[in-house]
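Enquirer: Chains as they are written, first to last, in the working numbering: chain A, 477 to 1280; chain B, 43 to 205. Glycine included, every Cβ here is placed at the ideal spot set by N, Cα and C. Bear in mind the structure is a predicted one, so any value in this text is a computation, not a measurement.
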Amino acid sequence: MTDTTTPQAQVGAPRLRKEDARLITGQTRWTDNLQLPGLLSVAILRSPVAHARLTRVDVSAAREQPGVVAAFSGADLREEWAMGLPCAWQVTPDLVTPDHWPVAVDTVRYVGDAVAVVVAEDRYRAADALDHIDVDYEPLPAVVDLEEAARDETLVHPDKGTNIAFDFHETHGDPEAAFADADVVVRRRYVQQRLIPNAMEPRSVVVEPVAATGSYTMHSSTQVPHFVRIFMSLITGIPEKDLRVIAPDVGGGFGSKLQIYAEEAICLALARRLGRPVKWTETRSENFQATHHGRGMTQDVAIAATRDGRVLGLDVDLLCDMGAYLFLLTPATPLLGRYMYPAIYRFQAHDFRCRGVFTTKTPTDAYRGAGRPEATFAIERIMDDLAAELGVDPLELRRRNWITEFPYTTVVGLEYDSGDYEAATARATELFGYDALRAEQAERRARGDRVQLGIGISTYTEMCGLAPSRWLGEKGYAAGGWEAATVRVLPTGKVEVLSGTSPHGQGHATTFSQIVADALGVDYDDVEVIHGDTATVPWGLDTYGSRSLAVGGMAVLRAAERVIAKAKRVAAHLLEAAEDDIEFDHGTFRVKGSPEAAKTIQELAFAAFAAHDLPPDLEPNLSAEAVFDPEVFSYPHGTHLCAVEVDTETGHVRIRDYVAVDDVGKVINPLVVDGQVHGGVAQGIAQALYEEAVYDAEGNLTSGTLVDYYVPAAPDLPEIRTDRTETPATTNPLGVKGVGEAGTIASTPAVVNAVVDALRHLGVTDVPMPCSPERVWRAIQQAASERGGTPPSGAAATPEGGQQ
Amino acid sequence: MPRITMTVDGRAHSDDVEARLLLVHYLRERLGKTGTPIGCDTSSCGSCTILLDGAPVKSCTLLAVQADGATITTIEGLADGDGRGRHPLQEAFHAEHGLQCGFCTPGMIMAAAGLLAENPDPSDSEIREGLEGNLCRCTGYQNIVRAVRRAAGALATTQGVQS
Chain A
477 MTDTTTPQAQ VGAPRLRKED ARLITGQTRW TDNLQLPGLL SVAILRSPVA
527 HARLTRVDVS AAREQPGVVA AFSGADLREE WAMGLPCAWQ VTPDLVTPDH
577 WPVAVDTVRY VGDAVAVVVA EDRYRAADAL DHIDVDYEPL PAVVDLEEAA
627 RDETLVHPDK GTNIAFDFHE THGDPEAAFA DADVVVRRRY VQQRLIPNAM
677 EPRSVVVEPV AATGSYTMHS STQVPHFVRI FMSLITGIPE KDLRVIAPDV
727 GGGFGSKLQI YAEEAICLAL ARRLGRPVKW TETRSENFQA THHGRGMTQD
777 VAIAATRDGR VLGLDVDLLC DMGAYLFLLT PATPLLGRYM YPAIYRFQAH
827 DFRCRGVFTT KTPTDAYRGA GRPEATFAIE RIMDDLAAEL GVDPLELRRR
877 NWITEFPYTT VVGLEYDSGD YEAATARATE LFGYDALRAE QAERRARGDR
927 VQLGIGISTY TEMCGLAPSR WLGEKGYAAG GWEAATVRVL PTGKVEVLSG
977 TSPHGQGHAT TFSQIVADAL GVDYDDVEVI HGDTATVPWG LDTYGSRSLA
1027 VGGMAVLRAA ERVIAKAKRV AAHLLEAAED DIEFDHGTFR VKGSPEAAKT
1077 IQELAFAAFA AHDLPPDLEP NLSAEAVFDP EVFSYPHGTH LCAVEVDTET
1127 GHVRIRDYVA VDDVGKVINP LVVDGQVHGG VAQGIAQALY EEAVYDAEGN
1177 LTSGTLVDYY VPAAPDLPEI RTDRTETPAT TNPLGVKGVG EAGTIASTPA
1227 VVNAVVDALR HLGVTDVPMP CSPERVWRAI QQAASERGGT PPSGAAATPE
1277 GGQQ
Chain B
43 MPRITMTVDG RAHSDDVEAR LLLVHYLRER LGKTGTPIGC DTSSCGSCTI
93 LLDGAPVKSC TLLAVQADGA TITTIEGLAD GDGRGRHPLQ EAFHAEHGLQ
143 CGFCTPGMIM AAAGLLAENP DPSDSEIREG LEGNLCRCTG YQNIVRAVRR
193 AAGALATTQG VQS
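This is the structure:
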């Protein structure tokens, strides 16, 4: 045997990322980097109007432009599609699903809807030729406002007869009685503004055909290469076996690349027609129009409670902006959030209604958190408002109502397996200096300080690790929620891990290597993680919903365990011992009681490969596949506290401190977890303070570029102080939960609660998001005029500058 | 077509280009310098930042012809050598987990190189202000600030040894 020293445990260690070496040196494989012989460039003409009939789309002049190879209208390409772009989640039996062609055929329904395509020798000539496409738009009325859309006066899809895509209603317990019995009822309307995800890498698609065999390789900047392969096959009729999809380096997604996009279908169809490789890469401004948006929801929420602060019932009525079509998960996104409205509280009754409405805007879909940030915002905001109504500290109100015993079945029927809200809150308040800040706040209020201090609380939980396949089936989703992995020990003892879930920044190569290194007892550096190519990793359900570790990581672990089981049989055979007498520890198999009789896993891998002397029915390799289908979700939770200083004269908000204590179960890599929390919190703060997709009444996206839509830069964001409590999940062998979305889910209400808390003594009960200086200032003015008093000294002056 | 000459990452290039060709497209598509990515079309995101005669510039804001005669350094040439070496900023971004998806990283590192050339010992707020023209969607900037601080320290030590 080889003498080995016991390696350090990798799980839990802050290993620096394997991914970084290429990314920090520019040796990357973004889709747009790809160059192929004869590669053509695709440009797309997009509708400049929100709603119009296309009475003429003439591409003939474009075809004559220098360097142009082809140009097509939507009608020209119609025969390419066996079906339109899919919606995979039938949220109600009568869900209205309009046809959604990759290129509009007779009507455009949002600014950015594709009208025609040009293929040229390079991107400059393709863009030039767009100017030579002649289109007659016969204007139709835009419908932008959600309530107006719900009245069905202007229809986005007249053939459907309604703008209501679905009307979902569910009741748990007896909400009517709960509200009738309540001492206190608080009603609020909150607005979740539309957001534009803005992954830093614009989307890009490259399709390379082999004309002789009718086969195609697609590179796409996608979170879901396996989904793309299946749906592209269905849309174009190209047999799945002839289509290989590769997601190479992908520069961020946040849900915006969890989609089956028109441009993927367009490029595939063009490669088929022309028999030549094509590339399309979106500009950022194109991304603003043609990549799906997030959020976009009006929330009417009511909470019923006793005078001593015990919550009884929760009533939620949502009006959700679908945009012009249903994309892959458009209607499901708000409904995924529905389980999270009761959050961590012991509600007995809950009424939930959610309507999705079509508007003449870019379709919405999953954006980091997908329904759960919206739900968490509503419940955490109204808990603060209820606390104010009852005159109790908002933290104390939460403490009186949160769940303390696990497992606990919530009013909507989810079983929370684990959690410790008290511990996370205790740690957060200690780090934050909660009592001292409350004292300072009281002092500033008493003094009438121009700059007021606000403290915001968010004691969130979320459901992640999408998802049990059986549950998905019951809810009307077309696919399952399992994940697949293969682990193979190569003849030389190095290890390859094939993962069906592929990263776009999350660090799978690092964390999966840590899991496998510990499981097999091999060096961390000896593990290579392979992903994102349907030819090398044929099985997978891809990356979204904080599932990669909680579902994909479990598949990896299970495959590693199968490798060990197989190696144990080889060891028993070679060491001439019974399998039950073989012990495995840190990469070495030993015979119980005879520690000198041992084989390392590397030795066994070579022995299996050589196959000179194996048990009769054992295949000659140490390789195993596994699929993990979770039985339940995982439930990370935590307490986020935010302190803001609000200038009551200018409305300017400054985040003074932000503390995030998260419980994500067992931590594989604390560096990666902290990074996910930082970035998640940043995106939540961005919704609270900075970002909004603005449409005018005609349906023009007026926040149409990065100049007009404020993605926060380094000076706009605070230092985030993180810590953790660790309550292992009881529902998976590693005890992990999920962390990718937690920060975003938690932070938005923490920030807005802080802003409102700073101003509550002035009569302010809400500030619409984003809480720009202007909106904060207006909220102060409005509260003052409603009270018949005067705003704080100097605050009546007109603020300078715009929103940012 | 105008003929331009420039030195990119230590190699001299001379090419005929369309007058309207953006520098970043010249770098990426003519020279194969795909380490420098393009993140927007309004010079807002900074992903395409390179050093032009030592100063950080967004290479999407410049025509290739405007860089005629210039010496350009991209992320691929920041460290000496053949793609194996690492500049202290590259080391620091790795050591501090200053990147996730990595798309903004080349621009962020090049902007930071420009910042440190001007201010070798910046405070955290000076780092944040100095990188204002570079957007990151993954990290919340926190570990980027730490990385730049760490690199400043490493560079100061190196220069201290040299002088």
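For a contact defined as C-beta to C-beta under 7 Å, what are the partners of residue 132 (chain B) on chain A?
Expert: The residue you call residue 132 (chain B) lines up with position 90 of the second sequence. The answer, in chain order, is 500 and 501.
Enquirer: Check distances from the C-beta atoms of the region 170–193 of chain B to those of chain A and list, in chain order, the residues that come in under 9 Å.
Expert: Within the region 170–193 of chain B, the qualifying residues are 170, 171, 172, 173, 174, 175, 176, 177, 178, 179, 180, 181, 182, 183, 184, 185, 186 and 187.
Enquirer: According to DSSP, simplified to helix, strand and coil, what is residue 982 (chain A)?
Expert: In the first sequence, the residue the question calls residue 982 (chain A) occupies position 506. Residue 982 (chain A) falls in the coil class under three-state DSSP.
Enquirer: Is residue 1225 (chain A) close to chain B? Criterion is C-beta to C-beta, closer than 8 Å.
Expert: As a position in the first sequence, residue 1225 (chain A) is number 749, starting the count at 1. Not closer than 8 Å to any Cβ of chain B, the Cβ of residue 1225 (chain A) fails to qualify, so no.
Enquirer: Ignoring anything shorter than 3 residues or poking outside the region 496–553 of chain A, list the beta strand (DSSP E) runs there in chain order.
Expert: Fully enclosed beta strand (DSSP E) runs of 3 or longer: 516–522, 528–534 and 544–549.
Enquirer: Per DSSP, which residues does residue 1075 (chain A) bridge with? Please list them.
Expert: In the first sequence, the residue the question calls residue 1075 (chain A) occupies position 599. Answer by DSSP bridge pairing, in chain order: A:1065.
Enquirer: Exposed or buried, residue 922 (chain A), counting other C-beta atoms within 10 Å across all chains shown (16 or more means buried)?
Expert: In the first sequence, residue 922 (chain A) corresponds to position 446, counting from 1. It counts as exposed.
Enquirer: Please report the distance separating the alpha-carbon of residue 537 (chain A) from that of residue 609 (chain A).
Expert: Within the first sequence, numbered from 1, the residue matching residue 537 (chain A) stands at position 61. Within the first sequence, numbered from 1, the residue matching residue 609 (chain A) stands at position 133. Rounded to whole angstroms, residue 537 (chain A) to residue 609 (chain A) spans 7 Å at the Cα level.
Enquirer: For chain A, find out if any of its Cβ atoms is closer than 8 Å to the Cβ of residue 61 (chain B); answer yes or no.
Expert: Along the second sequence, one-based indexing puts residue 61 (chain B) at 19. No, residue 61 (chain B) lies away from the interface with chain A (no Cβ there is under 8 Å from its Cβ).
Enquirer: For chain A, is any of its Cβ atoms less than 8 Å away from the one on residue 92 (chain B)?
Expert: Within the second sequence, residue 92 (chain B) is the residue found at index 50, counting from 1. Judged by the 8 Å Cβ criterion, residue 92 (chain B) is not in contact with chain A.
Enquirer: Going by DSSP in three states, residue 604 (chain A) sits in which element: helix, strand or coil?
Expert: Here the question's residue 604 (chain A) lines up with position 128 in the first sequence. Helix.
Enquirer: Pick from A:845, A:1014 and A:1152: whose alpha carbon is nearest that of residue 701 (chain A)?
Expert: Along the first sequence, read from residue 1 onward, the residue named residue 701 (chain A) stands at position 225. With distances taken between Cα atoms, residue 701 (chain A) lies closest to A:1014.
Enquirer: Please report whether the beta-carbon of residue 118 (chain B) lies at a distance below 8 Å from any beta-carbon of chain A.
Expert: To locate residue 118 (chain B), count along the second sequence from 1; it is residue 76. True, the Cβ-Cβ gap to chain A drops below 8 Å.
Enquirer: Closer than 9 Å by beta-carbon distance: list the chain B residues that pair up with residue 761 (chain A), in chain order.
Expert: Within the first sequence, residue 761 (chain A) is the residue found at index 285, counting from 1. The contacting residues are 82, 83 and 84.
Enquirer: Can you list the residues of chain A that residue 151 (chain B) reaches, using a CB-CB cut of under 8 Å?
Expert: Working through the second sequence from its first residue, we reach residue 151 (chain B) at position 109. Neighbours of residue 151 (chain B) on chain A, chain order: 500.
Enquirer: Quick check: the Cα distance between residue 567 (chain A) and residue 1173 (chain A), rounded to an integer number of angstroms?
Expert: Reading the first sequence from its first residue, position 91 is the one you call residue 567 (chain A). Reading the first sequence from its first residue, position 697 is the one you call residue 1173 (chain A). Going by the C-alpha atoms only, they are around 30 Å apart.
Enquirer: Would you report the Cα separation of residue 981 (chain A) and residue 141 (chain B), rounded to the nearest angstrom?
Expert: One-based indexing of the first sequence puts residue 981 (chain A) at position 505. One-based indexing of the second sequence puts residue 141 (chain B) at position 99. Approximately 8 Å between the Cα atoms of the pair.
Enquirer: Could you give the DSSP three-state label for residue 1215 (chain A): helix, strand or coil?
Expert: As a first step, residue 1215 (chain A) must be located in the first sequence, where it is residue number 739. Three-state DSSP puts residue 1215 (chain A) in coil, outside helix and strand.
Enquirer: For residue 575 (chain A), which residues of its own chain have a beta-carbon under 8 Å away from its beta-carbon, when the five flanking residues on both sides are left out?
Expert: The sequence position of residue 575 (chain A) within the first sequence is 99, counting from 1. For residue 575 (chain A), where only same-chain residues beyond five positions count, the Cβ hits under 8 Å are 560.
Enquirer: What residue from A:814, A:713, A:659 and A:908 has the CA that sits closest to residue 784 (chain A)'s CA?
Expert: Against the first sequence, residue 784 (chain A) aligns to sequence position 308. With distances taken between Cα atoms, residue 784 (chain A) lies closest to A:659.
Enquirer: Starting from residue 1153 (chain A), trace the alpha helix (DSSP H) both ways and give me its first and last residue.
Expert: To locate residue 1153 (chain A), count along the first sequence from 1; it is residue 677. Residue 1153 (chain A) -> alpha helix (DSSP H) spans 1146–1165.
Enquirer: Going along chain A, which residues have a C-beta under 8 Å from residue 78 (chain B)?
Expert: Here the question's residue 78 (chain B) lines up with position 36 in the second sequence. Correct list: 502.
Enquirer: I need the boundaries of the alpha helix (DSSP H) containing residue 765 (chain A), first residue and last residue.
Expert: Your numbering for residue 765 (chain A) matches position 289 in the first sequence. 760–766 is the extent of the alpha helix (DSSP H) around residue 765 (chain A).
Enquirer: Near residue 612 (chain A), which residues of its chain fall below 6 Å by C-beta distance, leaving aside the five closest residues on each side in sequence?
Expert: Working through the first sequence from its first residue, we reach residue 612 (chain A) at position 136. Hits under 6 Å: 531 and 532.
Enquirer: Using only the alpha-carbon positions, how far apart do residue 61 (chain B) and residue 46 (chain B) sit?
Expert: Within the second sequence, the letter at position 19 stands for residue 61 (chain B). Within the second sequence, the letter at position 4 stands for residue 46 (chain B). Cα-Cα distance, rounded: 10 Å.
Enquirer: Could you check whether the Cβ of residue 142 (chain B) sits closer than 8 Å to any Cβ belonging to chain A?
Expert: Working through the second sequence from its first residue, we reach residue 142 (chain B) at position 100. It does: the Cβ of residue 142 (chain B) has a partner Cβ on chain A nearer than 8 Å.
Enquirer: Helix or strand or just coil, what does DSSP make of residue 621 (chain A)?
Expert: Taking the first residue of the first sequence as 1, we reach residue 621 (chain A) at position 145. Residue state, collapsed to three classes: coil.
Enquirer: Can you tell me where the alpha helix (DSSP H) with residue 1256 (chain A) in it begins and where it stops?
Expert: Position 780 of the first sequence, counted from the start, is the residue given in the question as residue 1256 (chain A). Its alpha helix (DSSP H) spans residues 1249–1263.
Enquirer: By DSSP, does residue 634 (chain A) sit in helix, in strand, or in coil?
Expert: As a working mapping, residue 634 (chain A) is identified with position 158 in the first sequence. It is helical.
Enquirer: Rounded to whole angstroms, what is the Cα-Cα separation between residue 686 (chain A) and residue 719 (chain A)?
Expert: Taking the first sequence and counting its residues from 1, the one referred to as residue 686 (chain A) is at position 210. Taking the first sequence and counting its residues from 1, the one referred to as residue 719 (chain A) is at position 243. About 10 Å.
Enquirer: For residue 1166 (chain A), tell me which candidate among A:1146, A:789 and A:1188 has the shortest Cα-Cα distance.
Expert: Locating residue 1166 (chain A) in the first sequence gives position 690, counting from the first residue. Ranking A:1146, A:789 and A:1188 by Cα distance to residue 1166 (chain A) puts A:1188 first.
Enquirer: For residue 1272 (chain A) and residue 790 (chain A), what's the separation of their Cα atoms in angstroms?
Expert: Numbered from 1 along the first sequence, position 796 holds the residue referred to as residue 1272 (chain A). Numbered from 1 along the first sequence, position 314 holds the residue referred to as residue 790 (chain A). With a pLDDT of only 44 at residue 1272 (chain A), under 50, the local geometry of the prediction cannot be trusted, and no value is derived from it.
Enquirer: Against chain B, does residue 841 (chain A) count as a neighbour if the rule is that its beta carbon must be under 8 Å from one of theirs?
Expert: As a working mapping, residue 841 (chain A) is identified with position 365 in the first sequence. With 8 Å as the cut-off, residue 841 (chain A) does not count as an interface residue toward chain B.
Enquirer: Quick check on this structure: which residue in A:1117, A:663 and A:1205 has the alpha carbon closest to the alpha carbon of residue 865 (chain A)?
Expert: Residue 865 (chain A) sits at position 389 when you count from the first residue of the first sequence. The option with the nearest alpha carbon to residue 865 (chain A) is A:663.
Enquirer: I want to know whether the region 1096–1108 of chain A touches the region 964–975 of chain A - three or more CB-CB distances under 8 Å.
Expert: Yes, since at least three Cβ pairs between the region 1096–1108 of chain A and the region 964–975 of chain A fall closer than 8 Å, the two stretches touch.
Enquirer: Is it the case that the Cβ atoms of residue 417 (chain A) and residue 771 (chain A) are separated by a distance below 8 Å?
Expert: Since the displayed chain A opens at 477 and closes at 1280, residue 417 (chain A) lies outside it and no answer follows.
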